[in-house]
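Peer 1: As you go down the protein sequences, you meet chains C and V in turn.
The opening residue of the first sequence carries number 1 in the working numbering; numbering runs sequentially from there.
The opening residue of the second sequence carries number 1001 in the working numbering; numbering runs sequentially from there.
Backbone N, C-alpha and C define an ideal beta-carbon position, used for all residues, glycine too.
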Amino acid sequence: MAKFDTGVSRRNLLKGGLALSGALAAPTFFTRHAFGADFLNNPGNAASIKLGFNVPQTGAYADEGADELRAFQLAVKHLNGEGDGGMLNTFSSKALKGNGVLGKKVEYVTGDTQTKSDAARASAKRMIEKDGALMISGGSSSGVAIAVQGLCQDAGIIFMAGLTHSNDTTGKDRRRNGFRHFFNAYQSGAALAPVLKANYGTDRVAYHLTADYTWGWTQEESIKNATEAVGWKTAAAVKTPLGAGDFSQYITPVLNSGADVLVLNHYGKDMVNSLTQAVQFGLRDKKVNGKDFAIVVPLYSRLMAQGAGANVKGIFGSTNWHWSLKDEGSQAFVKSFGAEYGFPPSQAAHTCYVQTLLYADACERAGTFAPCEVVKALEGFEFDGLGNGPTLYRAEDHQCFKKVLVVKGNENPTSQFDLLEVVQEVPREQVTYDPNIPQFAGDLGPCNNGA
Amino acid sequence: MIAPTARNDLILIGAFAAAVLTAPLWLAPIGAGYPDLLQKFAIYGLFAIGFNILFGFTGYLSFGHAAFLGVGSYAAVWSFKLLTMNVLPAVFFAVLVSGLFALAIGFISLRRTGIYFSILTLAFAQMSYNLAYSVLTPITNGETGLQLTTSDPRILDKMAGIDYGAALPTTDLFGTEMTGYPGFYFCAVLMIIGFVIAVRIARSPFGTMLRAIKSNQNRLNYTGINTRPYALAAFVISGMYAGLAGALLACTDPLAGAERMQWTASGEVVLMTILGGAGTLLGPVFGAGVIKYFENIFSAFNHDILMSIFDFLPGWLQGIVVTVSGLFVGEGWHLTLGALFMIIVIFLPGGLMEGVGRIAKLFRKDGGAANSSVSTAPGE
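#1: Tell me the DSSP bridge mates of residue 424 (chain C)?
#2: Any beta carbon of chain C sitting closer than 8 Å to that of residue 1147 (chain V)?
#3: Grab the span of the beta strand (DSSP E) containing residue 239 (chain C) for me, first residue to last.
#4: Just how far apart, CA to CA, sit residue 1329 (chain V) and residue 1104 (chain V)?
#5: Just to confirm before moving on: does the CB-CB distance between residue 120 (chain C) and residue 269 (chain C) stay below 8 Å?
#6: For residue 44 (chain C), decide whether its Cβ has a neighbour in chain V, counting only Cβ atoms nearer than 8 Å.
#7: Could you tell me which chain C residues have their CB closer than 9 Å to the CB of residue 1172 (chain V), listed as they occur along the chain?
#8: Taking any Cβ of chain V, which residues in the segment 46-70 of chain C have a Cβ under 7 Å from it, in chain order?
#9: At 4 residues or longer, what runs of the alpha helix (DSSP H) sit wholly inside the segment 1201-1287 of chain V?
#10: Any idea if residue 1308 (chain V) is buried or exposed, counting beta-carbon neighbours within 10 angstroms, 16 or more meaning buried?
#11: Output yes if chain C places a C-beta closer than 8 Å to the C-beta of residue 1168 (chain V); else output no.
#12: What do you reckon, are the CB atoms on residue 86 (chain C) and residue 74 (chain C) nearer than 8 Å?
#13: Which word fits residue 1223 (chain V), buried or exposed, when buried means at least 16 other C-beta atoms lie within 10 angstroms of its C-beta?
#14: Quick one: is residue 1361 (chain V) near chain C, going by C-beta distance under 8 Å?
#15: Using only the alpha-carbon positions, how far apart do residue 457 (chain C) and residue 426 (chain C) sit?
#16: Quick one: what's residue 1086 (chain V) bridged to in DSSP?
#17: Would you identify the three-state DSSP class for residue 298 (chain C), choosing helix, strand or coil?
#18: Listed from N- to C-terminal order along the chain, which residues in the segment 208-224 of chain C have their beta-carbon within a distance smaller than 7 Å of any beta-carbon of chain V?
#19: Would residue 1312 (chain V) be called buried (16 or more neighbouring beta carbons within 10 Å of its own) or exposed?
#20: When burial is assigned at 16 or more other CB atoms within 10 Å of the CB, is residue 1359 (chain V) buried or exposed?
#21: If residue 1256 (chain V) sits next to residue 1133 (chain V), beta carbons under 8 Å apart, how far is it from one beta carbon to the other, in whole angstroms?
#22: Along the segment 241-275 of chain C, what residues have a CB closer than 8 Å to any CB found in chain V?
#23: Over what stretch of residues does the alpha helix (DSSP H) that includes residue 144 (chain C) continue unbroken?
#24: Rank C:339, C:172, C:253 by C-alpha distance to the C-alpha of residue 235 (chain C) and give the top, closest one.
#25: So, using beta-carbon positions, are residue 189 (chain C) and residue 222 (chain C) closer together than 8 Å?
#26: Taking residue 1320 (chain V) as part of the alpha helix (DSSP H), name the residues at either end of that continuous run.
#27: Could you give the DSSP three-state label for residue 1136 (chain V): helix, strand or coil?
#28: To the nearest angstrom, how far is the alpha carbon of residue 58 (chain C) from that of residue 1205 (chain V)?
#29: Using a beta-carbon distance below 8 Å, is residue 109 (chain C) in contact with chain V?
#30: Measure the alpha-carbon distance for residue 386 (chain C) versus residue 296 (chain C) and round it to whole angstroms.
#31: I'd like the ranges of any beta strand (DSSP E) spanning at least 3 consecutive residues and lying wholly in the segment 62-122 of chain C.
#32: Classify residue 401 (chain C) as helix, strand or coil using the three-state DSSP reduction.
#33: Where does residue 317 (chain C) sit, in a helix, a strand or coil, going by DSSP?
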């Protein structure tokens, strides 16, 4: 129909080509690397630095994300010398003075991960490319944490993982620029198994329901290994989609499987739904193989316990931290968080707060924001006073080693926050493992300064 | 709108190319002039242009186009893993694989029209998503997503003697890294090519046939014309566009996740096309830009940013304004987008392009006799 060869003369084509190449070249004058910077987003002489807090604000983990954001904001306040200082006062390293980091005021940008790897990476890229963030933290799902950790490694930015419990984050997918303070599925298994053995005996048959993604898989594997080591058998392990909402079709077969323990490898709203439905189906009133039927939730959090209400009573699980801990650091954190927001912090809030402090402290001790120097300052760093007792940031895999809590749903809660009771503080030695056991074998690779 | 003469088309293409290539400059003042978002604009613009060939021109509403985006991404990442880090083979294989995939799905789905067609494509996309999410984990790496590793074979790179050392390799085009601005220009050039092809299709006899299918398929059938091959061709072409967009997503960020195939992603491209103006040439690109802008910029506004924006107000008023507007930004960005979408669908059924057309009409003396975009109001 329309013919293109009318009206395009050689002259016009040349002119157009010239204009095009000019337009192509123009933006290169405005690129970031026009002058040499020794690392990406070097703040130089700027009076402030930016940190990026990338949390799920929508989706299955939105509750955790909101609490993480509160903790980040509190941490920034404390770093800038506002408020009562929180755990800065109890932290064993005294490098931070409450005047920002290396004399620069701390500012922050936020983003929504939507609990999707793509959205999380887009959001993190925005923080790095547009806002000039020096460090990215946050995340409430291991899939997202691993994806963002990979991005930060490639870009040359430090990633301080928030709530991520999969073995892979510091196992198979570990990266030199990424660090995790939170505990992992293997440690949950190592901490829980002896308590389960003491309470339920050695002759049990477990049935697993597992969230179908990296965290669920590694937790299922870890709990299976740990419980089978004390003599339990595993009847079946069934994968459920993330955010399923209705778990009744997965719970019905449990009764006929001959299992007498149900292990729920779920988190967030999934766990609230699956646990509530399991209790409604009357599983806990059943007697199987002559024993009371039991439910175990390996990864617990107060936010989830709140959602599941009375259904959590007497159910065992593990957590990284709980606000009822009596040590100085935890008390200081709970006090300043409570004063700011009116309720106690969750474990997600705790780990994010601590990660921000640890990053700031590492920059202060390294005397620079250059990622490779910060990595060196964090590797093998031994500290105390941040709520979990003496803690080591292991150099081999960038995983923190500290006490792990085994908790039980409180039978007689005294308040709406007093839902979990700490059964045992499992010592650090019991949850320490070799960094290169098969479940964890991975390679940190070299560190990356970007630029 | 303006009459579709060859000369006007050339002006349109020239202006489009110039606008796209200078985007880093004129998007900077509204906070969108950074590489990642620019890449997203170009990639989703391309995706929407392709979708428009099926939905806007032919009138088939597919609710499963994200499946082709995902397939393209996986194909591209596998090309990076197995063959080479050069982006050209990745783009080639992604378009090829998604084209074949579209052929298979289109062959079955196009036996029905209207809502049944939409449901069929939705079902296929959801099937692909679930397959990628769990069943095909060895190929897709499940929820975590397919990523590069240092131990990938990369046969062609090995043969060419390229060694990436201990760090993870980055994608490149004969030595130019496909991140940042070079990545954007690569995507932008492909989008312009995609746009030119779409213009050519719209003006060709084939394009006329597609519009005929949209206006009355029965009548065509009664006159003895077999419409299926035309519809199938449109379906495959738009599937290939989606595959290309998926490949570009992987080129600028070598990771492919199953959530790219989820029904929400399919719905997003429908929104983009309707928001911008289905059936128009430029509309889908605008729509894609608006949605990606909201997703990336509005979602990042937090309490502190709002406080500084409304700093000029007295203290008590500032608090109220910030609290109210806070509902519409940050985690509430979906709300703003939803409201905007409703306003556009109600008042500008032809999308943003109808708005542009109306403004243009105000400035034209003859009152704009030929406003073609009004006739493309979406029915669904």
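Peer 2: Taking the structure as given:
#1: C:406
#2: yes
#3: It spans 233-240 - the beta strand (DSSP E) in which residue 239 (chain C) sits, taken as one unbroken run.
#4: 41 Å
#5: no
#6: no
#7: Those do not exist, as residue 1172 (chain V) stays about 13 Å from chain C at its closest Cβ, beyond 9 Å.
#8: 57, 58
#9: 1205-1222, 1228-1252, 1263-1276
#10: Classification for residue 1308 (chain V): exposed.
#11: yes
#12: In this structure, residue 86 (chain C) places its C-beta atom within 8 Å of the C-beta atom of residue 74 (chain C).
#13: exposed
#14: no
#15: Given that chain C is displayed from residue 1 to residue 451, the structure contains no residue 457 (chain C) and the question cannot be resolved.
#16: Answer is V:1172.
#17: If DSSP states are grouped into helix, strand and coil, residue 298 (chain C) belongs with the strands.
#18: 212, 213, 214
#19: Under this definition residue 1312 (chain V) is an exposed residue.
#20: Result: exposed.
#21: Contact doesn't hold; Cβ gap of about 12 Å is too wide.
#22: 241, 242
#23: 142-155
#24: C:253
#25: yes
#26: Element bounds for residue 1320 (chain V): 1315-1326.
#27: coil
#28: 47 Å
#29: Residue 109 (chain C) has a beta carbon lying within less than 8 Å of a beta carbon in chain V.
#30: 28 Å
#31: 105-112
#32: strand
#33: strand
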